[in-house]
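Quick note: the sequence shown, position 166, residue 1218 per our numbering, numbers continuous.
For glycine and all other residues, C-beta sits at the position ideal for the given N, C-alpha and C.
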Amino acid sequence: EVTLICRAYDEGVAFSIEFPSQNGIDSIQINEERISFCFTADHPAWSANRAQAPYSRVPLSKIQNGCERPLVIEIDSSLTIALAEAKLVDYARMKFEPDTTRYNNVITQLEGTVNKALPFQTPWRVVMTGKNAGDLLEKNYLILNLNDPCAIPDVSWIKPGKVLREVTLTTAGAIAAIDFTSSHNMQYVEFDAGWYGPENNDSSDARAVNLDPARSKAPLDMKEVLDYARSKDIGILLYVNRRALERQIDELLPLYRDWGIAGIKFGFVKVGTQDATAWLHESIMKAAEYKLVADVHDEYRPTGFSRTYPNFLTMEGIRGDEESPSNSHTLITMFTRMLAGQGDNTICYYNERVENKMGSHASQLAKAVCIFSPLQFLYWYDKAAPALKKDDGQWGATNYIGNEPELELFDNVPAVWDETLVLHAKIGEYGVIAREKGDEWFIGGINGASATSLDINFSFLDPDKVYSAKIYSDDPSVETRTHVRIDSMRVDRSTVFPVSLNPDNGIAIHLKPGNKIN
């Protein structure tokens, strides 16, 4: 006996299969799941077969076997849909494949066998609907709404924020990083791989500092660092590879709580199978018991579990700046991967890849608005002076963070938002997103490989206020190493601001309200 449960929303539809308690059956094994989504034409779709793989726009019949979710499908000029998964907690991950027997159909597949005791309910299979990709992003809260309400009675300890990775793994580097974050409205410093030994060595013990000599040759006094961070109200995050977590998590959580650690970055977690999925979510629940926030890397994509356990602040599963994506690919990510939820993009700024491979510095500023992550890593690969010089290059070129005037945008931008509006969206070509926090607005615009002209219409602003706007854009005539120009103007809801963007450029705007209009 099974029950098909369906939900219909303005934002789309979802269905799940319930297996109720029944005589003579205590548990079942599911070897396959073959749900077919049927279309009337071979519509364009955005396909990637891994969470961090590049996307390609292909006909539905040509999507890759093992295609990731959400799968965005462009039906026509007034309808775009996304096939997605929600409330994946203790089950095998769903992916997609083309139906080779029935044209224009897409079939689900499971990554492994599922064993469940009765009663239970499968994850939600979701069809998100919108006028266009931007409309889908505005309404992606549907994925969260299909998950259980918050299970943590007191969430006051859960602090979203901006993060600086300390790349030298030294006491001196950590002190410099804490000073920088404290003076630049950032909330966390993170120690990445190497602080407890080689991360891929099963004998590395995450209960104590034991520096990987390939990553750091200088001392790291964790107690001194934690004491100093506490005095500056900066949280410390620790990276731990899944090899250590799988062996030691029940020891590490109370230990890190006693140290005063704020959270854990999970590294290279296993994904896909029921066992891997259940272990990860059980670990997030355990972390909540010890008031530790979590950031999960590498191939995990969200399905809304952060609603139930909001200490699960962010996760990777994104082709972020470590992969040096072009602006065009970032514009795919914004309207495909980000439909699933938050993504840890690890925003670069001074690294040479920004200009050589990716886009521009104004584009990087815009990413802090366009790519949502309640733990927003900024200045990936960069370090705060006077950190020791790092010579081994395992993380690429590390440059000192400067004092360019536009860094005030990173100082001021929040990590979480009250409202999101997509002002312009064309997957892979251009995107402009406005987000509100309190009574301030931030706008991020990113352009792809062709020059673009568009208007930013400020009709969404409070009708009773005027706003001061700071505009950050690319200008090669600006004599700084980042070549970002800053302009100021006053706007209100009647303002229409024309923007011309060169290929691979960007724009960011910060709006503060002024006096009421009489």
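> Under the DSSP definition of a beta bridge, which residues are partnered with Trp1176?
Replying inline: Here residue 1176 refers to the residue found at position 124 when the sequence shown is read from its first residue. Paired residues: Ala1138.
>> Quick check: the Cα distance between Asn1101 and Arg1121, rounded to an integer number of angstroms?
In response: Taking the sequence shown and counting its residues from 1, one reaches residue 1101 at position 49. Taking the sequence shown and counting its residues from 1, one reaches residue 1121 at position 69. Between the C-alpha atoms of Asn1101 and Arg1121 there is a straight-line separation of about 9 Å.
> Beta carbon of Leu1123, beta carbon of Pro1150: below 8 Å?
Replying inline: Position 71 of the sequence shown, counting from 1, holds the residue named residue 1123. Position 98 of the sequence shown, counting from 1, holds the residue named residue 1150. For Leu1123 and Pro1150, no; Cβs fall outside 8 Å.
>> With a threshold of 8 Å on Cβ separation, who are the neighbours of Lys1338 within its own chain once the five nearest residues in sequence on each side are excluded?
In response: Counting from 1 along the sequence shown, the entry for residue 1338 is found at position 286. For Lys1338, where only same-chain residues beyond five positions count, the Cβ hits under 8 Å are Ile1301, Asp1302, Leu1305.
> By how many angstroms is the C-alpha of Asp1516 removed from the C-alpha of Arg1545?
Replying inline: Here the question's residue 1545 lines up with position 493 in the sequence shown. Here the question's residue 1516 lines up with position 464 in the sequence shown. Rounded to whole angstroms, Arg1545 and Asp1516 show a C-alpha spacing of 9 Å.
> Quick one: what's Gln1326 bridged to in DSSP?
Replying inline: Taking the first residue of the sequence shown as position 1, residue 1326 is located at position 274. According to DSSP, Gln1326 bridges with nothing at all.
>> Going residue by residue through the segment 1355-1413, where are the continuous alpha helix (DSSP H) segments of at least 4 residues, counting only ones entirely within it?
In response: Fully enclosed alpha helix (DSSP H) runs of 4 or longer: 1357-1360, 1379-1387.
> What are the complete alpha helix (DSSP H) segments, minimum 4 residues, inside the segment 1269-1357?
Replying inline: Under the rule that a run must span 4 or more residues, the alpha helix (DSSP H) segments found entirely inside the segment 1269-1357 read 1274-1283, 1294-1311, 1326-1341.
> Would Thr1366 be called buried (16 or more neighbouring beta carbons within 10 Å of its own) or exposed?
Replying inline: Here residue 1366 is taken as the residue at index 314 of the sequence shown, counted from 1. The residue in question, Thr1366, is buried, as its Cβ has 16 or more Cβ neighbours within 10 Å.
> Which same chain residues, not among the five before or five after Lys1183, have their C-beta less than 8 Å away from its C-beta?
Replying inline: Numbered from its first residue, the sequence shown carries residue 1183 at position 131. Within the same chain, Lys1183 has close Cβ partners Ser1130, Leu1131, Thr1132.
> Is it right to say Asp1470 is buried, meaning 16 or more other beta carbons lie within 10 angstroms of its own, or is it exposed?
Replying inline: Translated into the one-based positions of the sequence shown, residue 1470 becomes position 418. Exposed: under 16 other Cβ atoms inside 10 Å.
>> Does Trp1098 pass the burial test, meaning 16 or more other C-beta atoms within 10 Å, or should it be called exposed?
In response: Taking the sequence shown and counting its residues from 1, the one referred to as residue 1098 is at position 46. Trp1098 should be labelled buried.
>> Considering just the uninterrupted stretch of the beta strand (DSSP E) at Tyr1482, what are its terminal residues?
In response: Your numbering for residue 1482 matches position 430 in the sequence shown. Counting along the chain, Tyr1482 sits inside the beta strand (DSSP E) bounded by residues 1482-1489.
> Cα separation between Cys1400 and Val1406?
Replying inline: Residue numbering aside, residue 1400 sits at position 348 when the sequence shown is read from its first letter. Residue numbering aside, residue 1406 sits at position 354 when the sequence shown is read from its first letter. Each residue's alpha carbon lies about 7 Å from the other.
> When DSSP builds the beta bridges, which residues end up paired with Lys1478?
Replying inline: For the purposes of this step, residue 1478 is taken as residue 426 along the sequence shown, with counting starting at 1. DSSP output for Lys1478 lists Tyr1482 as bridge partner(s).
>> What residue range does the beta strand (DSSP E) around Asp1507 cover?
In response: As a first step, residue 1507 is located in the sequence shown; it is residue number 455 there, counting from the start. Where Asp1507 is concerned, the enclosing beta strand (DSSP E) stretches over 1504-1509.
>> Tell me the rounded alpha-carbon separation between Gly1490 and Phe1243.
In response: Numbered from its first residue, the sequence shown carries residue 1490 at position 438. Numbered from its first residue, the sequence shown carries residue 1243 at position 191. Taking the straight line joining both Cα atoms gives about 31 Å.
> Under the three-state reduction of DSSP, which class applies to Glu1190: helix, strand or coil?
Replying inline: On the sequence shown, position 138 is the one that residue 1190 refers to. Glu1190 falls in the helix class under three-state DSSP.
> With 16 other CB atoms within 10 Å as the buried threshold, where does Trp1493 fall?
Replying inline: Your numbering for residue 1493 matches position 441 in the sequence shown. Of the residues assessed, Trp1493 falls on the buried side of the cut-off, its CB having 16 or more other CB atoms within 10 angstroms.
> So, Gly1369 versus Ala1185, is the Cβ gap smaller than 8 Å?
Replying inline: Within the sequence shown, the letter at position 317 stands for residue 1369. Within the sequence shown, the letter at position 133 stands for residue 1185. At a Cβ-Cβ threshold of 8 Å, Gly1369 and Ala1185 do not count as neighbours.
> By how many angstroms is the C-alpha of Pro1265 removed from the C-alpha of Asp1142?
Replying inline: For the purposes of this step, residue 1142 is taken as the residue at position 90 of the sequence shown. For the purposes of this step, residue 1265 is taken as the residue at position 213 of the sequence shown. Going by the C-alpha atoms only, they are around 38 Å apart.
> Where does Asp1231 sit, in a helix, a strand or coil, going by DSSP?
Replying inline: What you label residue 1231 is simply residue 179 of the sequence shown in a count that begins at 1. It is helical.
> Using 8 Å as the threshold, is the segment 1505-1520 in touch with the segment 1551-1559, meaning 3 or more CB pairs across them?
Replying inline: Taking 8 Å as the limit for Cβ pairs, the verdict is that the segment 1551-1559 does touch the segment 1505-1520.
>> On the DSSP letters alone, give me the boundaries of the alpha helix (DSSP H) that Phe1091 sits inside.
In response: Taking the first residue of the sequence shown as position 1, residue 1091 is located at position 39. Careful: Phe1091 lies outside any alpha helix (DSSP H) and carries neither H nor E.
> Should the segment 1154-1169 be regarded as contacting the segment 1075-1092, the criterion being three or more beta carbon pairs within less than 8 Å?
Replying inline: Contact between the segment 1154-1169 and the segment 1075-1092 is established, with three or more Cβ pairs separated by less than 8 Å.
>> If I follow the unbroken beta strand (DSSP E) through Glu1149, where does it start and stop?
In response: Here the question's residue 1149 lines up with position 97 in the sequence shown. That run of the beta strand (DSSP E) goes 1146-1150.
> Thinking C-alpha only, which one of Pro1201, Asp1094, Tyr1193 is nearest Arg1154?
Replying inline: Your numbering for residue 1154 matches position 102 in the sequence shown. Considering only alpha carbons, the answer is Asp1094.
>> Alpha carbons only, please: which of Glu1251, Asp1526, Pro1528, Ser1520 is nearest the one belonging to Val1543?
In response: One-based indexing of the sequence shown puts residue 1543 at position 491. Out of Glu1251, Asp1526, Pro1528, Ser1520, Ser1520 has the C-alpha closest to the C-alpha of Val1543.
>> With a threshold of 7 Å on Cβ separation, who are the neighbours of Lys1284 within its own chain once the five nearest residues in sequence on each side are excluded?
In response: Numbered from its first residue, the sequence shown carries residue 1284 at position 232. Excluding sequence neighbours, Lys1284 sits near Ile1230, Ser1234.
> Taking the alpha carbon of Ser1376 as the point to measure from, which residue in Val1348, Pro1354, Lys1409 has its own alpha carbon closest?
Replying inline: Mapped onto the sequence shown, residue 1376 falls at position 324. If we check each option's Cα against that of Ser1376, Lys1409 comes out closest.
> Closest by CA to Asp1527, which one among Trp1432, His1413, Gln1428?
Replying inline: The residue you call residue 1527 lines up with position 475 of the sequence shown. Looking only at Trp1432, His1413, Gln1428, the smallest Cα-Cα distance to Asp1527 is reached by His1413.
> Whole-angstrom Cβ separation of Gln1428 and Lys1214, contact assumed at under 8 Å?
Replying inline: For the purposes of this step, residue 1428 is taken as residue 376 along the sequence shown, with counting starting at 1. For the purposes of this step, residue 1214 is taken as residue 162 along the sequence shown, with counting starting at 1. About 5 Å; that satisfies the 8 Å criterion.
>> If contacts are defined as beta-carbon pairs under 8 Å, then Thr1165 and Ile1087 qualify, I think. What distance do you get, rounded to the angstrom?
In response: In the sequence shown, residue 1165 corresponds to position 113, counting from 1. In the sequence shown, residue 1087 corresponds to position 35, counting from 1. About 17 Å separates the two Cβ atoms, so there is no contact after all.
> Arg1282: buried (16+ other C-beta within 10 angstroms of its C-beta) or exposed?
Replying inline: For the purposes of this step, residue 1282 is taken as the residue at position 230 of the sequence shown. Looking at its Cβ environment, which holds fewer than 16 other Cβ atoms inside 10 Å, Arg1282 is exposed.
>> I need the DSSP call for Thr1223, collapsed to helix, strand or coil.
In response: Locating residue 1223 in the sequence shown gives position 171, counting from the first residue. The answer is helix: DSSP assigns Thr1223 an H, G or I state.
> According to DSSP, which residues form a beta bridge with Arg1542?
Replying inline: Taking the sequence shown and counting its residues from 1, one reaches residue 1542 at position 490. Secondary-structure assignment with DSSP links Arg1542 through a beta bridge to Ser1520.
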